[in-house]
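Novice: The following block contains the structure, expressed as structure tokens.
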Amino acid sequence: MLQRFVIRRIIIAVFQLIGISLAVFFLIRMLPADPVARIVGMNATPDIIAQAKASLGLDKTVLQQLGNYIGIFSDTKDPGILEGSLGVSWVTGESITEEVGRFLPVTLELITYSLIIALLIAIPTGVVSATRPGGIGDKIVFVWGLFAGSQPEFWWALIFVFFFFYWSFALFGISIAPAPLGRLSPLTDAPDVITGFIVFDALIQGEFEAFVDAAWHLMLPVGTLVFVVSGPIIKMVRQNMVRVLRSDYVLYARSCGLSSRTIGLYALRAAMAPAMTLIGIFYGFLLGGAVPVELIYSLGGLGEYSLRSILYFDYPAIQGTVLTIAMVSLIIYLVIDILHAFIDPRVTY
Amino acid sequence: MTDGSNLLPGAVTRVPVGLDAPPPTEYRKRRRQIDLVRKFRTEFLFAVGCVIIFLSIFLAVCGAWISPYDPTFSTGDVSVGPPSLKEWPSLLWEALTSDMEKPPHWFGTDSSGLDIFSRTISAPRTDMTIALSSGLLSLIIGTFLGLLAGFYKNWATEILMRVSDLLQAFPVFITAMILVALTGRNTFIIVIALGIVYTPIFVRLTRAEVLSQRTRGYVEAARAVGNSEWVVAIRHVLPNSLVPSLVQTSTTIGFAILLTSGLSFVGAGVRPPTPEWGLMIALGAPEMILGEWWQSVFPGLAISITVFGYAAVGHGLEEDYR
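Protein sequences, first through last, are from chains A and B.
First residue of the first sequence? That's 119 in the numbering used here, and the numbers climb one at a time after it.
First residue of the second sequence? That's 1108 in the numbering used here, and the numbers climb one at a time after it.
Pasting the structure below:
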């Protein structure tokens, strides 16, 4: 059963990917933008414009461009998506697959740590507040959840930098957090790239100094995202927990004389499933939505890359990032759905 | 009311169907009627949210008129900090009683000499216009498409749903950036872009509700007395399927404010010197590390409070509805 479910989901995901790759291709070509004018500048002669157009491949028909992008009926030697290549950036001239490969892990690391920590905070808080619905603690947690979930994360990032970097230095002479200038101090040797998760890489290579430094630099960005994301997750866990605790099967378990600890674990398991779905949604959302936070801390992640390619009208790079983000989120959704099916046996395949 | 009852005068109204259907009065109260006045009086959080929403709309209309300085014109005082809290009462008294030549810079000025207070209260005209119109736009289009997709099940609406699925799989922030930055960074484009990004939510919500409504008895009754399909869909099913979308609208408007300011913050939104909260935060960001906190703090506070207000109202309505 599970196997069939997974296979069906994968097939749907593949179709969605095809749909997205076509949609993004046509979407950016439908918009009234002129990438050539943007790249050659205002004072270019018609000759130069025509030359630039030819070198970018924009003088061909849209169908031919599509063919080159996908890799069927291509009239160039460059590989297309089907051969696993996202093309070449118009601005840097580098392979987008490589560039994305360099930028993606930064964002993944940031989001993964943030969501794990948010979950670790949200579950106990949500559960405790759900045990006494309407109590003072519950009310505080509830208002907090609502508040944190509706905050501009880029503003909080700046506030955190101000307090933990500038203010603590001005007041105590030491900065609690480093300057928001990247993932490592300039003097620290970066660990070799294995997974691209810098904290993790440093740890498995035993480079303690780099590990501490990287973790120190990630402290505020992760803290910012945890702050914003934990709100809705707390709300979700609490809401589900309250509902589950009132359900018939908890009543039945109580009447069977099970300890409240056991009942709590049952209920938590049932309440976790929707929270997992929310985590999945946030993962997809933050892949593209963490742009402002990445910018403020100069992390150099995928969000920053996509912003740059959009502002420079770098079409292949835009297509590449959207596709990458869509692919990663589809994989995450798939994993979450499978986890969901494991946690909650009521899920129908 | 547009259920079947008014079609059959004298008939028993609203007969609950099924064994577990609640009694009629409770049914109506639970599903359809949200007593806003009572809710405003009894629920503190909801009341706070309503006040914030009112204030935001008030400032959107009047903010630019009541601001002491021109929000886009330099005052000549560069990077002046706000007056200290101790001076505020006396300054306020002075400003209210005497006609001051130069009103105080309540929130300080930024590095080009623009008055932060004037800009902060003028910004809703940009932010709220974008958020409200894109929220309403996606509500209207989404509800209409959702009604079509739920009421008529054929290949066209099937395609509509697949397209809506596809749109939802796009990363929201990046899609908005692409639409705005590639088309032209002005208010109108941002409204359209956010409207497109948020429409699928409403399509989905309305469709789900229409699907559950159209099997009800009143729809059959409306058909039986000879109404055309269109009349049944628009006069009878639509009003009964609106609630989930209306409830969602407040939350969506809040998120639209966040997205608008986020876009301006990263440089893919409105252009300077338009007074806009996200843009103001971005302009003040480099000064933040140098200790000039006021440039970014006040506009951020405005976003924070406003979005919280919309979220609080949205949540309050949601609680009642579910």
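C-beta: ideal position from N, C-alpha, C; glycine also.
#1: Are A/V360 and A/A385 closer than 7 Å when you measure CB to CB?
#2: How about B/T1282 and B/T1381: do their beta carbons lie closer than 7 Å?
#3: I need the DSSP call for B/V1185, collapsed to helix, strand or coil.
#4: From what residue to what residue does the alpha helix (DSSP H) around A/R387 run?
#5: Using a Cβ-Cβ distance cut-off of 7 Å, determine whether B/F1251 contacts chain A.
#6: Between A/F166 and the rest of its own chain, which residues show a CB-CB distance below 6 Å, the 5 nearest in sequence each way excluded?
#7: Please look up how many angstroms separate the CB atoms of A/S293 and A/S303, rounded, as I've assumed it's under 8 Å.
#8: Would you be able to state if there are at least three C-beta pairs under 8 Å between the stretch 219 to 229 of chain A and the stretch 407 to 419 of chain A?
#9: Return the bridge partner residues of B/T1216 from the DSSP annotation.
#10: Please confirm whether A/V351 and A/A240 have their CB atoms less than 7 Å apart.
#11: Would you report the Cα separation of A/G244 and B/A1419, rounded to the nearest angstrom?
#12: Kindly list the residues whose CB is nearer than 8 Å to the CB of B/P1307, restricted to its own chain and excluding five residues on each side of it in sequence; keep chain order.
#13: Tell me whether the beta-carbon of A/V355 lies closer than 7 Å to the beta-carbon of A/A393.
#14: For A/Q437, would you say it is in contact with chain B, using Cβ-to-Cβ distances shorter than 7 Å as the test?
#15: Express the C-alpha separation of A/A170 and A/G418 in angstroms, rounding to a whole number.
#16: Assess, as a yes-or-no matter, whether the stretch 1304 to 1319 of chain B is touched by the stretch 1250 to 1257 of chain B under the definition of 3 or more beta carbon pairs within less than 8 Å.
#17: If contacts are defined as beta-carbon pairs under 8 Å, then B/I1237 and B/T1367 qualify, I think. What distance do you get, rounded to the angstrom?
#18: Out of curiosity, what's the CA-to-CA distance linking B/R1145 and B/F1153?
#19: Any residues in the stretch 1290 to 1301 of chain B with a beta carbon nearer than 7 Å to a beta carbon of chain A? Which ones, in chain order?
#20: Taking 8 Å as the cut-off, does the stretch 1167 to 1182 of chain B touch the stretch 1222 to 1232 of chain B (at least 3 CB pairs, one atom from each stretch)?
#21: Across which residues does DSSP place A/S213 in a beta bridge pair?
#22: CB A/F280 to CB B/W1384, shorter than 7 Å?
#23: Please state the DSSP three-state secondary structure of B/P1379.
#24: Quick check on the DSSP output: the alpha helix (DSSP H) that includes A/H335 runs from which residue to which?
#25: Checking 7 Å against the spacing of the C-beta atoms, do A/I214 and A/L204 come in under that value?
#26: Locate the alpha helix (DSSP H) running through B/E1327, then write down its first and last residues.
#27: So the candidates are B/W1337, B/T1294 and B/G1333; which of them puts its Cα closest to the Cα of B/A1363?
#28: Could you name the residues of chain A that B/W1400 contacts, counting a contact when the two beta carbons are closer than 8 Å?
#29: Specify the secondary structure class of B/K1209 as computed by DSSP and reduced to three states.
#30: Report, in whole angstroms, the separation of the C-beta atoms of A/P298 and A/Y415, which I expect to be a contact under 8 Å.
#31: Hey, quick one: how far does the alpha helix (DSSP H) through B/E1265 stretch, first residue to last?
#32: Return no unless some Cβ of chain B is closer than 7 Å to the Cβ of A/I129.
#33: Could you work out which residues of chain B lie near A/V317, taking near to mean beta carbons separated by less than 9 Å?
#34: Anything in chain A within Cβ reach of B/S1374, meaning under 8 Å, just list it in chain order.
Specialist: From the atom records:
#1: no
#2: no
#3: coil
#4: S378 to G407
#5: no
#6: Note on residue identity: the sequence assigns Ile, not Phe, to residue 166 of chain A. Closer than 6 Å at Cβ, skipping near neighbours: V158.
#7: Contact flag wrong, Cβ pair sits at about 12 Å.
#8: yes
#9: B/D1222
#10: Note on identity: in this sequence residue 351 of chain A is Ile, with Val being the wrong assignment. Result yes, Cβ atoms of A/I351 and A/A240 sit closer than 7 Å.
#11: 19 Å
#12: G1249, S1271, D1272, L1274 and Q1275
#13: yes
#14: no
#15: 29 Å
#16: yes
#17: 5 Å
#18: 11 Å
#19: T1290
#20: yes
#21: A/V206
#22: no
#23: coil
#24: F326 to L363
#25: yes
#26: G1324 to A1331
#27: B/T1294
#28: F280
#29: coil
#30: 4 Å
#31: W1262 to A1276
#32: no
#33: Within chain B, no residue comes near A/V317; the closest Cβ sits about 24 Å away, beyond 9 Å.
#34: What sits at residue 1374 of chain B in the sequence shown is Gly, not Ser. Under the 8 Å cutoff, chain A gives L425 and L429.
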